[in-house]
Amino acid sequence: MSSGVEPQEVFVELLDEGVTCFRPTRADPLGDDKYRLLAPPDYDPENEYWAFPPDSVVRCRKEKLSGGEVLVARELVEQTSHREGGP
């Protein structure tokens, strides 16, 4: 199911950090500013609360962060079918 396009670096906001904080990850470009977020090898859903979980399709926009202009996930297009966490 590879489109032949290399994954790109996308920044996802981390929730429950006390300050605005972003985490870089890789994402497959899907066109129309949409990307499917990929989980990095060290992703731990018990320790990191992403605004959009891995495997979600998000719309990104270029924004200036401290490291320069980057792609930031800003809108959920399609949620994953599984849920993180539990009772």
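Numbering (our numbering), first residue to last: 15 to 101.
Built from N, CA and C at the ideal position, the CB exists for glycine as well.
Within a 10 Å sphere around the beta-carbon of Cys35 sit fewer than 16 other beta-carbons, which makes this residue exposed.
Between Arg73 and Glu83 the beta-carbon gap is near 17 Å, outside 8 Å, which marks them as no contact. Classified as exposed, Ser80 has fewer than 16 neighbouring CB atoms from the shown chains inside 10 Å of its CB.
Bridge partners of Leu85 according to DSSP: Lys76. In the structure shown, Gln22 falls within a strand segment according to DSSP collapsed to helix, strand and coil.
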